[in-house]
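Only one structure is covered here, and it is reproduced in the block below.
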Amino acid sequence: MNLIAKIILAVAGTLITLLVIAAISLTTLVDPNDYKQEISSAVYDATGRELTFNGDISLTFFPWFGISLGEVSMNNPKGFPDEAFASVTQAKASVKVLPLFFRKIEFSDVVLNGLTLNLIENKKGVNNWTFAPPKSAPDKTKHHGSIIKSPKPKATQTESMALAALLIESLSVTDTNITYENQRKEQKYSIKDLSLASSAFRAGESFTLNVNGIAVAQKPAIESPFSMTLEATPSEDLSTVDVTNIDITLEPKGKDVPGEQASIHARTALTAQLKDQSITVHKGELSAYNTVVNLTGNVAYSNELDVTGHLNLHADYRKIAKALGISSPQPANNNSELILSMQLKLIPDNIALNDIQGSLEGHPLNGDFQYYFGNKPQLRLRLNAEHLNLDPYIALGKLFKERTETSDDTTKSKTSATSPRIKARSTNVELKAEQNIAKAVAPKTLAKLNANVDITINKLLVNDLTISNIKALGKGKDGVITINPLQFRVFEGDVASTLKTDLRGALPVSSITLTTDKMNLANITKTFTGTEYASGKLFVNASLSAYGTTQETVSSTLNGKATFNATDGTLTGLKILPPGTLELLEGSLQKKVKSSLTAQPYQVIRGTLFAKNGRISNNDFIMKATELNANGSGFANLASDSIHYKADLKFDNVPVIPVVISGKLSKPNYKVDMKRFLGSSVEDIAKTLLNKENKDENPLKQLEKGLKNLFK
Numbered sequence: 001m002n003l004i005a006k007i008i009l010a011v012a013g014t015l016i017t018l019l020v021i022a023a024i025s026l027t028t029l030v031d032p033n034d035y036k037q038e039i040s041s042a043v044y045d046a047t048g049r050e051l052t053f054n055g056d057i058s059l060t061f062f063p064w065f066g067i068s069l070g071e072v073s074m075n076n077p078k079g080f081p082d083e084a085f086a087s088v089t090q091a092k093a094s095v096k097v098l099p100l101f102f103r104k105i106e107f108s109d110v111v112l113n114g115l116t117l118n119l120i121e122n123k124k125g126v127n128n129w130t131f132a133p134p135k136s137a138p139d140k141t142k143h144h145g146s147i148i149k150s151p152k153p154k155a156t157q158t159e160s161m162a163l164a165a166l167l168i169e170s171l172s173v174t175d176t177n178i179t180y181e182n183q184r185k186e187q188k189y190s191i192k193d194l195s196l197a198s199s200a201f202r203a204g205e206s207f208t209l210n211v212n213g214i215a216v217a218q219k220p221a222i223e224s225p226f227s228m229t230l231e232a233t234p235s236e237d238l239s240t241v242d243v244t245n246i247d248i249t250l251e252p253k254g255k256d257v258p259g260e261q262a263s264i265h266a267r268t269a270l271t272a273q274l275k276d277q278s279i280t281v282h283k284g285e286l287s288a289y290n291t292v293v294n295l296t297g298n299v300a301y302s303n304e305l306d307v308t309g310h311l312n313l314h315a316d317y318r319k320i321a322k323a324l325g326i327s328s329p330q331p332a333n334n335n336s337e338l339i340l341s342m343q344l345k346l347i348p349d350n351i352a353l354n355d356i357q358g359s360l361e362g363h364p365l366n367g368d369f370q371y372y373f374g375n376k377p378q379l380r381l382r383l384n385a386e387h388l389n390l391d392p393y394i395a396l397g398k399l400f401k402e403r404t405e406t407s408d409d410t411t412k413s414k415t416s417a418t419s420p421r422i423k424a425r426s427t428n429v430e431l432k433a434e435q436n437i438a439k440a441v442a443p444k445t446l447a448k449l450n451a452n453v454d455i456t457i458n459k460l461l462v463n464d465l466t467i468s469n470i471k472a473l474g475k476g477k478d479g480v481i482t483i484n485p486l487q488f489r490v491f492e493g494d495v496a497s498t499l500k501t502d503l504r505g506a507l508p509v510s511s512i513t514l515t516t517d518k519m520n521l522a523n524i525t526k527t528f529t530g531t532e533y534a535s536g537k538l539f540v541n542a543s544l545s546a547y548g549t550t551q552e553t554v555s556s557t558l559n560g561k562a563t564f565n566a567t568d569g570t571l572t573g574l575k576i577l578p579p580g581t582l583e584l585l586e587g588s589l590q591k592k593v594k595s596s597l598t599a600q601p602y603q604v605i606r607g608t609l610f611a612k613n614g615r616i617s618n619n620d621f622i623m624k625a626t627e628l629n630a631n632g633s634g635f636a637n638l639a640s641d642s643i644h645y646k647a648d649l650k651f652d653n654v655p656v657i658p659v660v661i662s663g664k665l666s667k668p669n670y671k672v673d674m675k676r677f678l679g680s681s682v683e684d685i686a687k688t689l690l691n692k693e694n695k696d697e698n699p700l701k702q703l704e705k706g707l708k709n710l711f712k
């Protein structure tokens, strides 16, 4: 036994001695710099790119097999800028030789300094990071001797078996700059001054990784220093990584950043099961603009994204507004917080926000939201709120939208219709997520939707409008959703309605019937104009329907009928006469009209509106007031934004004033129909003087005809 051991030791010693001698011989007798041309040629044959060595190459063979490179660069292909595709100032890495025989990989310090990488996609959609050998005539067959193909690794040999013995003493990446430019979209993004440093990486032992740099975008114009600290411990077999801390900070600034600057901070602790492709989030926090989101739970990503957990949200719109540099309204109770807590579930074909609890401005709310969009789609929505003030959040949303639209306007693509669309997907999980989102809103899914809706809101503030006693109960079956009742109180009047939406067609078809009772006209006019132009009680009955969800589609497909009736009120400060109309009257008539417009009690104002494919017509408008009567007829076209309406205004003892409203509905023109006005004036004078009906022989009547002909 001793003899065998001695023989083994002798053989091992001899092999080690030979390796040492070979390593010394290679190190002293072989200069890798003599082979730069051969290396460059081999790289060119494989990639079609020139590799240029501006520095020295050095090798070590024992006990570390290592390589150290000085400055080296690779050129761009034809059709791209003359600058280098990639270059590096210094690169160094070495691996211990003997552990390789025992399937262990032990790196010494890995160093990468001065890496510059320029990624470009030109206007034709061709990029510079796709490598292809140069086109050349086929060479004669070269014989390289026998080739022994190694068998494919067995399925039982997992990657973690090879990585389990991985060891890196340290990793250092400094002065790295990476640029991506899309010339078709005129976009450019870069990471500057990137540095990365890690402590020793050993299986079963904790390590630390630090990353710093500056991210820059031209369109939108944003520059953001960033930093990340990672503290983790991999298991012995590298199947599990226990991450005790990930700390990420972003400090974006620029004209396209809301508020022109921000601070974004993310912290988390998690355990990653690499073999099972799942993550357990022990604690996670994301904060930005004084808004904090916390998440705990589990995330699986083996095939499709599967998220279950608990989510908390805490926001304060006054603090958000301050961070954005805008003013915000003062809440009545000095509380501007939004606090939400819920159970989150995102799995294939299912989105659920269960047990929602929280408060808005100190007022409690609760609810649930579940949407299953599998074979039998089902939507369930429940909301119970005491007081919801949405105005501050609408204002913040408008600001973000304005900033986004401004950014989009500056980044519009000039891509030609023939340019190919290039989009990369990193994993199948992303593709599945996109497919799920598309499926959730697909017409095929909505056409089979069943639903249950239960909403109760005691008070809602939206766009300076107060709506109270909101109650909505809805049922849906096979793509037809009916909300009945849909009732609420607004402008001191009650509204009862039924809303029906049919999702079975290419476009949704919505219809509504409603009845209002005794709405306060003074509140209505003050809310929408800022001034109480009218008082009284308003009654409305309507039955309307339309296709689609966009304003353009609804405007061109609106059909139905509506009646309105206002009673027993006063019209104040009316501006119903076109400019210059009063100048047509003189003396007492002008004073009388002015007085009537200042304050005019009325008994009734009513009319009927008919809608047909967005064309709204009215032929029976009537107003009866103490000193003013009016009637009118005409139409407005919502789709073409046009209006043509005629109204006759009759003040006591004043000739009829015919008013014509025409042009764009959004900006109408008002004018007096002079031909009719002069005609009616002459006719009234004749009646007054002669106290008889119109007669052709009347000289004043002849004057009237002359005036009419004058204005033809």
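Sequential numbering from 1 applies to the sequence shown in the UniProt record's numbering. Backbone N, C-alpha and C define an ideal beta-carbon position, used for all residues, glycine too. A quick note: this is a predicted structure, and the numbers were derived from the prediction, not measured.
Would you call the segment 545 to 557 and the segment 596 to 610 in contact, with 3 or more CB pairs under 8 Å? Output reads no: the segment 596 to 610 does not touch the segment 545 to 557.
Span of the beta strand (DSSP E) around S41: Counting along the chain, S41 falls outside any beta strand (DSSP E), though it belongs to the alpha helix (DSSP H) covering K36 to T47.
How would you call E236, buried or exposed, if buried means at least 16 neighbouring beta carbons within 10 angstroms? Counting the other CB atoms within 10 Å of its CB gives E236 a total below 16, which places it among the exposed residues.
If the criterion is Cβ atoms closer than 9 Å, does the pair G479 and V453 meet it? Contact annotation: G479 and V453 have beta-carbon atoms that are not nearer than 9 Å.
Find out if the Cβ-Cβ distance for the pair T515, A496 is shorter than 9 Å. With contacts defined by Cβ atoms closer than 9 Å, T515 and A496 form a contacting pair.
Selection from K646, S227 and A321 that minimises the alpha carbon distance to E337: Distance check between E337 and each of K646, S227 and A321 places A321 closest, using alpha-carbon atoms only.
CA-CA distance, N389 and A472? One C-alpha to the other measures close to 18 Å.
Euclidean distance between Cα positions of N118 and Q187: The alpha-carbon atoms of N118 and Q187 are separated by roughly 14 Å.
For H314, which option in E361, T271 and L346 has the closest C-alpha, if you only look at C-alpha atoms? From the listed residues E361, T271 and L346, the smallest Cα separation to H314 is found for E361.
For G213 and S227, the rounded distance between their alpha carbons: Their backbone Cα atoms lie some 7 Å apart in a straight line.
Quick check on T527: does DSSP put it in helix, strand or coil? Of the three classes helix, strand and coil, the one that applies to T527 here is helix, per DSSP.
Out of S555, N177, G114 and Q435, which has the shortest C-alpha to C-alpha gap to A639? Comparing alpha-carbon positions, the option among S555, N177, G114 and Q435 lying closest to A639 turns out to be S555.
Just to confirm my understanding: we take L465, look at its own chain, exclude 5 residues before and 5 after, and list those with CB closer than 8 Å. What are they? Correct list, in chain order: V490 and T527.
Would you please state the rounded distance, in angstroms, between the beta carbons of A221 and G254? I believe it to be under 8 Å. With 8 Å as the limit, A221 and G254 qualify as a contact, their Cβ atoms being about 5 Å apart.
Alpha carbon to alpha carbon, what distance is there between M674 and V656? Taking the straight line from one Cα to the other gives about 11 Å.
Anticipated Cβ contact below 8 Å, A269 with N294, distance rounded: Contact flag wrong, Cβ pair sits at about 12 Å.
With DSSP as the reference, label K275 as helix, strand or coil. Coil, per DSSP.
Looking at the secondary structure, which residues open and close the beta strand (DSSP E) in which S73 lies? First-last of the beta strand (DSSP E) with S73: V72 to M74.
Residues sharing a beta bridge with P601, DSSP: Beta-bridge pairing links P601 to T570.
Is A522 helix, strand or coil by DSSP? Residue state, collapsed to three classes: helix.
Buried or exposed: where does A86 fall if 16 or more other Cβ atoms within 10 Å of its Cβ makes it buried? By the 10 Å Cβ count, A86 comes out buried.
Short check: CB of L324 to CB of P258, under 9 Å? Against a cut-off of 9 Å, the Cβ pair of P258 and L324 comes out as a contact.
Would DSSP call A132 helix, strand or coil? In this structure, A132 counts as coil in the three-state DSSP scheme.
Rounding to the nearest angstrom, what Cα-Cα distance links A506 and A636 in this structure? Those two C-alpha atoms are separated by around 28 Å.
Could you spell out where the alpha helix (DSSP H) holding A323 opens and where it closes? Bounds of the alpha helix (DSSP H) holding A323 are Y317 to L324.
With DSSP as the reference, identify every bridge partner of A314, one or two as the case may be. In the sequence as presented, Ala is not what sits at residue 314; that position holds His. DSSP lists V292 and I339 as partners of H314.
Going straight from the alpha carbon of S58 to that of L112, what length do you get? Spanning the two alpha carbons is a distance of roughly 15 Å.
Residue interval of the alpha helix (DSSP H) (run including residue 759): Any question about residue 759 goes unanswered here, given that the chain covers just 1 to 712.
Using a Cβ-Cβ cut-off of 7 Å (strictly less than) and excluding sequence neighbours within five positions of Y393, which residues of its own chain qualify? Residues of the same chain with a CB within less than 7 Å of the CB of Y393, apart from the 5 flanking positions on each side, are Y317 in chain order.
Please name the residue, chosen from H363, I470, R606 and S511, that lies closest to K537 on a Cα-to-Cα basis. Out of H363, I470, R606 and S511, R606 has the C-alpha closest to the C-alpha of K537.
Tell me whether V462 is buried or exposed, calling it buried when 16 or more other Cβ atoms sit within 10 Å of its Cβ. Here V462 is exposed, its C-beta having fewer than 16 other C-beta atoms within 10 Å.
Determine the extent of the beta strand (DSSP E) in which E223 is found, giving its start and end residues. I222 to P234 is the span of the beta strand (DSSP E), which, as asked, contains E223.
Opening and closing residue of the beta strand (DSSP E) in which S617 lies: Segment R615 to A625, the beta strand (DSSP E) holding S617.
How many Å lie between D82 and D34 at the Cα? Approximately 27 Å, taken between the alpha carbons.
For the segment 301 to 310 against the segment 342 to 354, are there 3 or more C-beta pairs whose distance is under 8 Å? Of all C-beta pairs linking the segment 301 to 310 to the segment 342 to 354, three or more are shorter than 8 Å, placing the two stretches in contact.
Mind listing, in chain order, the continuous beta strand (DSSP E) runs of no fewer than 3 residues lying wholly within the segment 428 to 481? Look at the segment 428 to 481 and you find these whole runs of beta strand (DSSP E), each 3 residues long or longer: 450 to 462 and 465 to 477.
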